[in-house]
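Below you'll find the structure, written out as structure tokens, and then a few comments.
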Amino acid sequence: MAGVVTRRLAPLWLELAVIVILGVGLSVAMNMARQEPVPWIVDFAALDKRDALRRGLETIDPHAAVTMLGKPGVVFVDARTAEEFSMHRVAGAKNLPQEAMYGDLDAAAGNLGLRAEDRIVVYCGNLLCDKSKELGEALRTAGFTFVTVMPEGFDGWLAVGGPTEGGA
Amino acid sequence: MRVFFVLLRMALGLVFLFAAWDKIVDPMAFAKIIRNYQILPDMAVSAVALTLPWIEVVVGMCLLTGFVARGASLSASLMMAVFLAAMAWAWHKGIATQCGCFTTKADDAISQATFIRDGSIMAVCLLVTLDVFLRARRAP
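For the protein sequence lines, the chains are A and B, in the order given. Sequential numbering from 103 applies to the first sequence in our numbering. Sequential numbering from 311 applies to the second sequence in our numbering.
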């Protein structure tokens with residue numbers, strides 16, 4: 103019986119192996135043929151950090167950010183739209199939509215009660231969005247010294263089980 | 311009936327080829343989407359983003375031509391199961407990420423529609439797999 107099963111399965115595994123070998127082989131060959139081959143191992147966290155540093159900002163991962171929530175002088179700023187913010191947000195966060203950087207940012211930040219000495223943690227939706235970095239850079243330029251960005255955004259916060267409010 | 315299943319298998323092949331195109335053109339955008347699912351470690355993301363679309367191409371070509379059809383249909387079903395599971399995980403965790411199923415552009419966010427679409431493709435995959443395996447079994 104085992105022999106029959108083996109004989110039946112062996113060609114199937116061979117078929118699967120052919121598919122995987124062809125797929126991997128093609129991906130290696132085509133990547134080498136690119137004008138700028140994509141690295142097979144990319145340290146995305148380091149990329150985020152470099153991008154933020156280029157803008158004069160520090161980064162923080164969601165695990166570390168959770169431990170900062172509620173500490174004196176720490177303010178979480180949500181760079182998403184008012185609509186997104188109203189639906190679900192980091193507990194106690196303040197909404198400063200990224201679009202505010204195109205207007206009177208000082209006034210908008212003042213209305214939220216942000217002070218120059220506050221430790222501001224800016225976030226947006228997820229790793230795909232750059233709003234937090236753009237707003238963080240604008241806040242730094244506007245004189246807020248301690249601006250930190252959480253590149254993983256609200257999705258990263260959710261993934262580590264950070265406290266939220268206004269959940270749908 | 312046989313013609314119907316052959317056409318179904320070929321259509322599925324075209325779907326896989328179509329799905330692979332955008333990811334091959336912009337692997338870094340696809341890598342960012344994979345990373346945003348927060349399932350794989352960062353170190354594995356780029357390799358998966360580079361390899362997965364080409365496996366889709368091979369599976370698509372095999373389904374289209376009938377070459378190693380059992381392996382191709384089974385691979386297609388397994389891939390769709392993994393994609394659906396990843397989407398369900400992101401949905402459950404409240405991660406509002408892009409699906410990364412057919413495009414790397416920002417117009418394919420995970421939603422009920424993506425579940426229905428991919429669930430339908432999965433159903434077709436299972437039908438084709440069943441048909442291919444039954445035919446292989448009946449073959450002398």
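Each residue gets a CB set at the ideal place from its N, CA and C atoms; glycine is no exception.
Exercise. What first and last residue would you give for the alpha helix (DSSP H) that runs through T267 (chain B)?
Worked result: As displayed, chain B neither begins before 311 nor continues past 450, which places residue 267 (chain B) out of reach and without an answer.
Problem set entry | Supposed close pair P164 (chain A), R182 (chain A) - CB separation, criterion 8 Å | That pair is no contact at about 16 Å.
Exercise. Residues of chain B with a CB under 8 Å from the CB of M132 (chain A): which are they?
Worked result: I334, W364
For this session: Return helix, strand or coil for F315 (chain B), following the three-state DSSP convention.
Result: helix
Problem set entry | Cβ of I123 (chain A) within 7 Å of any chain B Cβ | no
Exercise. In the structure shown, what three-state DSSP assignment does D418 (chain B) receive?
Worked result: coil
Exercise. List, in order along the chain, the chain B residues whose C-beta lies closer than 8 Å to that of L114 (chain A)?
Worked result: R380, G381, L384
Problem set entry | Cβ-based contacts, 8 Å cut-off: residues of the stretch 387-414 of chain B near chain A | K403, G404, I405, A406, T407, Q408
For this session: Please name the residue, chosen from A:P141, A:G255, A:A195, that lies closest to C231 (chain A) on a Cα-to-Cα basis.
Result: A:G255
Problem set entry | Where D320 (chain A) falls: helix, strand or coil (DSSP) | For residue 320 (chain A) there is no data in the structure shown, the boundaries of chain A being 103 and 270.
Problem set entry | Range of the contiguous beta strand (DSSP E) that encloses R221 (chain A) | 221-225
For this session: For I344 (chain B), count neighbouring C-beta atoms within 10 Å of its own C-beta (all shown protein chains included) and say buried if the count is 16 or more, exposed if not.
Result: buried
Exercise. DSSP state of V262 (chain A), grouped into three classes?
Worked result: coil
Exercise. Would you say M421 (chain B) faces chain A, with C-beta separation under 7 Å as the test?
Worked result: Looking at the sequence itself, residue 421 (chain B) is Ser, so the reference to Met does not match. For S421 (chain B), the answer is no, since every Cβ of chain A falls outside 7 Å of its Cβ.
Exercise. Name the DSSP beta bridge partners of N197 (chain A), please?
Worked result: A:D180
For this session: Using the Cα positions of G227 (chain A) and L260 (chain A), report the straight-line distance between them to the nearest angstrom.
Result: 11 Å
Exercise. Are T413 (chain B) and D336 (chain B) touching if we call contact CB-CB under 7 Å?
Worked result: no
Exercise. Got a sec? Which residues, its chain only, sit under 8 Å from K403 (chain B) by beta carbon, not counting five neighbours each side?
Worked result: Q348
For this session: Measure the alpha-carbon distance for A406 (chain B) versus E219 (chain A) and round it to whole angstroms.
Result: 33 Å
For this session: Using only alpha-carbon positions, find the residue among A:P253, A:E267, A:G127 that is nearest to A167 (chain A).
Result: A:P253
Problem set entry | Positions along the stretch 212-229 of chain A whose CB lies within less than 7 Å of some CB in chain B | G227, N228, L229
Exercise. Distance, Cα to Cα, A330 (chain B) vs I365 (chain B)?
Worked result: 9 Å
For this session: Determine the closest residue to I162 (chain A) out of A:A244, A:V122, A:R242, A:R221, with distance taken between C-alpha atoms.
Result: A:R221
Exercise. Is F412 (chain B) helix, strand or coil when you go by DSSP?
Worked result: coil
For this session: Classify F340 (chain B) as helix, strand or coil using the three-state DSSP reduction.
Result: helix
For this session: Just mark G335 (chain A) as buried or exposed, buried being the case when its beta carbon has 16 or more other beta carbons within 10 Å.
Result: Past the boundaries of the shown model lies residue 335 (chain A); chain A is included only from 103 to 270, so the question cannot be answered.
Problem set entry | Distance, D428 (chain B) Cα to E201 (chain A) Cα | 35 Å
Exercise. Closest by CA to L362 (chain B), which one among B:F315, B:L388, B:R380, B:M320?
Worked result: B:L388
Exercise. Contact check, V223 (chain A) vs V176 (chain A) under 8 Å by CB: the rounded distance?
Worked result: 7 Å
Problem set entry | Closest Cα partner of L360 (chain B) within the set A:V144, A:E239, A:R152 | A:V144
For this session: List the residues of chain B that A261 (chain A) touches, going by C-beta distances under 7 Å, in chain order.
Result: Q348, K403, I405
For this session: Would you check if the distance between the CB atom of F326 (chain B) and the CB atom of G370 (chain B) is smaller than 7 Å?
Result: yes
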